[in-house]
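**Student:**
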Amino acid sequence: MSHNQLLSLYRTMCIIRQTEEELARCHQRGLIHGACHTYVGQEAIATGVCAHLTPTDTVFSTHRGHGHALAKGMPPRELMAELFGRVTGCSRGRGGSMHLFSPEIGMMGTSGIVGPCMLQACGGGYSAMLLKNGNVAVAFFGDGAVNNGAFHEALNMASIWKLPTLFICENNQYATEVPFSYSSGSDSVAARAAGYGLPGFEVDGNDVLEVARLAGEAVARARAGQGATLIECRTYRTRAHAEGMGDFTYRTREEVDAWKGRCPILRLRAAAPSELVQEMDAIDAEVLEMVREAREFAEKSAYPDAASATTHVYSARVMPSTPESATLRPAVSGPPREISFTQATVEALAGEMARNPAIFVMGEGIGIRGGNFRTTPGLYDLHGPARLCDTPICERGFV
0 MSHNQLLSLY
10 RTMCIIRQTE
20 EELARCHQRG
30 LIHGACHTYV
40 GQEAIATGVC
50 AHLTPTDTVF
60 STHRGHGHAL
70 AKGMPPRELM
80 AELFGRVTGC
90 SRGRGGSMHL
100 FSPEIGMMGT
110 SGIVGPCMLQ
120 ACGGGYSAML
130 LKNGNVAVAF
140 FGDGAVNNGA
150 FHEALNMASI
160 WKLPTLFICE
170 NNQYATEVPF
180 SYSSGSDSVA
190 ARAAGYGLPG
200 FEVDGNDVLE
210 VARLAGEAVA
220 RARAGQGATL
230 IECRTYRTRA
240 HAEGMGDFTY
250 RTREEVDAWK
260 GRCPILRLRA
270 AAPSELVQEM
280 DAIDAEVLEM
290 VREAREFAEK
300 SAYPDAASAT
310 THVYSARVMP
320 STPESATLRP
330 AVSGPPREIS
340 FTQATVEALA
350 GEMARNPAIF
360 VMGEGIGIRG
370 GNFRTTPGLY
380 DLHGPARLCD
390 TPICERGFV
């Protein structure tokens with residue numbers, strides 16, 4: 000790895016760490032309200048994975064997603080302003096910590112719901128496969144999510160369709176306060192990949208160089224059409240599950256201190272050539288000023304106008320179009336026909352799929368068989384399995 004690449008990894012980890020520590024201080028002072036799950040101690044994972052992503056690759060995140068957003072390219076000022084509830088935030092101050100959204104950089108959202116990000120990443124991968132644009136989709140999730148049914152549905156779909164998707168399990172040893180050793184019958188998340196015919200790897204999640212190496216290989220496989228990968232990153236969060244929560248009812252100070260000694264930032268400094276130390280010191284100072292400016296920007300930014308409180312909450316009222324204003328397709332010539340609803344469905348699907356290559360159909364038995372009620376006969380031969388996609392019985396998953 001080149002010196003510039005090492006410094007880039009170091010800089011990203013420092014941005015995450017210093018931003019998170021400043022957010023924690025702001026939360027303690029009452030400047031930030033609501034849940035705030037920091038990423039302190041886990042910086043190597045988002046940094047190592049996102050180092051291989053482009054702005055058009057998509058990331059689907061979890062409740063502990065500040066680090067993913069920053070590593071994907073979100074400026075600290077946008078993240079901080081969002082948590083301050085200001086209009087200059089990435090979600091215009093409406094989302095907060097668990098709803099960070101910035102499609103311009105491929106950050107497709109953080110979420111407080113455990114599990115769905117894996118299914119959404121399958122959707123991102125399916126879209127990339129259908130459009131043949133070479134993009135990959137990444138799901139970041141914790142060890143608690145692997146015991147959710149979404150994990151099974153997602154890995155199974157990714158396997159049978161060879162989706163360009165990465166599943167990154169950040170195993171930080173605790174699902175809220177439940178130890179991984181208690182919540183899982185197996186001591187390995189990576190080993191579960193074999194049950195789906197997927198490659199699975201376990202890596203020291205506090206070693207950014209190893210994370211970057213494995214992630215780079217997985218991204219290359221995905222872009223080459225070789226399908227998905229599961230990577231289990233063994234790591235540790237050194238702050239509480241969320242700011243303001245008790246931290247030593249389920250673990251000891253000695254355990255936390257031991258993991259602080261494995262800090263990914265300090266480990267990279269120790270591994271870097273001595274001639275880079277001065278440049279790393281300069282990065283520390285640069286990032287400190289960046290985060291200070293970000294907080295100042297957030298505090299000075301305006302709150303959303305109270306009159307806009309229901310914007311994006313209710314659907315906009317749409318007035319019915321008049322015959323004069325409507326954009327109509329040319330009328331179909333010929334005498335009227337009386338056909339069944341099923342036949343009307345077939346003809347509508349056939350016409351729209353011929354007109355718009357982005358349209359695809361998913362469901363059980365709708366491919367070669369033509370559907371249980373013969374609603375898709377002949378379409379498989381015209382458009383192939385990617386657009387007439389037979390699915391497992393996992394409606395939550397493919398919807």
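0 is the number of the first residue of the sequence shown in numbering that gives the first Met the number 0; add one for each residue after it.
Even for Gly, the Cβ is constructed at its ideal location relative to N, Cα and C.
Note that the structure is predicted; figures quoted are calculated from it, not measured.
1) What runs of the beta strand (DSSP E), each 3 residues or longer, lie entirely inside the segment 41-118?
2) Nearest-angstrom Cα distance between E285 and M73?
3) Please classify F140: is it buried, with 16 or more other beta-carbons within 10 angstroms of its beta-carbon, or exposed?
4) Roughly how many whole angstroms lie between the Cα atoms of R24 and C393?
5) Relative to the alpha-carbon of S300, which residue among N3, L78, H51 and T55 has its alpha-carbon at the smallest distance?
6) Would you please state the rounded distance, in angstroms, between the beta carbons of Q172 and F179? I believe it to be under 8 Å.
7) Can you list, in chain order, the residues of its chain whose CB lies under 8 Å from that of G196, leaving out five sequence neighbours each side?
8) Go to C168, then tell me how far its beta strand (DSSP E) extends in each direction, as first and last residue.
9) V207 and L267 look like a contact to me (Cβ under 8 Å); what is the Cβ gap, rounded to whole Å?
10) For I15, which of helix, strand or coil comes out of DSSP?
11) On a CA-only basis, which of G224, F340, E152 and E19 is nearest R191? Give me that one, please.
12) Can you tell me where the beta strand (DSSP E) holding T341 begins and where it ends?
13) Are the CB atoms of R63 and H36 within a distance shorter than 8 Å?
14) Could you give the distance in angstroms between the alpha-carbon of F372 and the alpha-carbon of A353?
15) Over the uninterrupted alpha helix (DSSP H) stretch that includes I230, give me the two end residues.
16) Report the option in W258, N170 and V290 whose CA atom is closest to the CA atom of V145.
17) For G123 and P198, what's the separation of their Cα atoms in angstroms?
18) Quick check: is the beta carbon of G245 nearer than 8 Å to any beta carbon in chain C?
19) Among A219, T87, V218 and P272, which has the Cα closest to the Cα of L6?
20) Please report how far the alpha carbon of L82 lies from the alpha carbon of D280, in whole angstroms.
21) Examine the Cβ distances between the segment 209-225 and the segment 38-58 and report whether three or more of them are shorter than 8 Å.
22) Please name the residue in P115, I14, I365 and G226 whose C-alpha comes closest to that of A127.
23) Do you know how far the Cα of L387 is from the Cα of A80?
24) T341 to T374, Cα distance in whole Å?
25) E9: which of V398, S60 and C262 sits nearest, CA to CA?
26) Look at the Cβ atom of C168, then the Cβ atom of L229, and state whether they are nearer than 8 Å.
**Tutor:** On the basis of the supplied data:
1) 57-59
2) 17 Å
3) buried
4) 43 Å
5) Among N3, L78, H51 and T55, the Cα nearest to that of S300 belongs to L78.
6) Sure, about 5 Å apart at Cβ, within 8 Å.
7) Within the same chain, G196 has close Cβ partners S158.
8) T164 to N170
9) 6 Å
10) helix
11) Minimum Cα distance to R191 is reached at E152.
12) Premise fails: T341 lies in the alpha helix (DSSP H), F340 to R354, not in any beta strand (DSSP E).
13) Less than 8 Å divides the Cβ of H36 from the Cβ of R63.
14) If I take the Cα positions, the gap works out to 21 Å.
15) Not the alpha helix (DSSP H): I230 falls in the beta strand (DSSP E), residues T228 to R233.
16) The residue with the shortest Cα to Cα distance from V145 is N170.
17) Taking C-alpha positions only, G123 is separated from P198 by approximately 20 Å.
18) Among the chains of the structure shown, chain C does not appear; only one protein chain is present.
19) P272
20) Those two C-alpha atoms are separated by around 28 Å.
21) yes
22) G226
23) 43 Å
24) So the alpha carbons of these two residues sit roughly 6 Å apart.
25) Note that residue 9 is Tyr in the sequence shown, not Glu. Closest in alpha carbon position to Y9, among V398, S60 and C262, is C262.
26) The answer is yes: Cβ separation under 8 Å.
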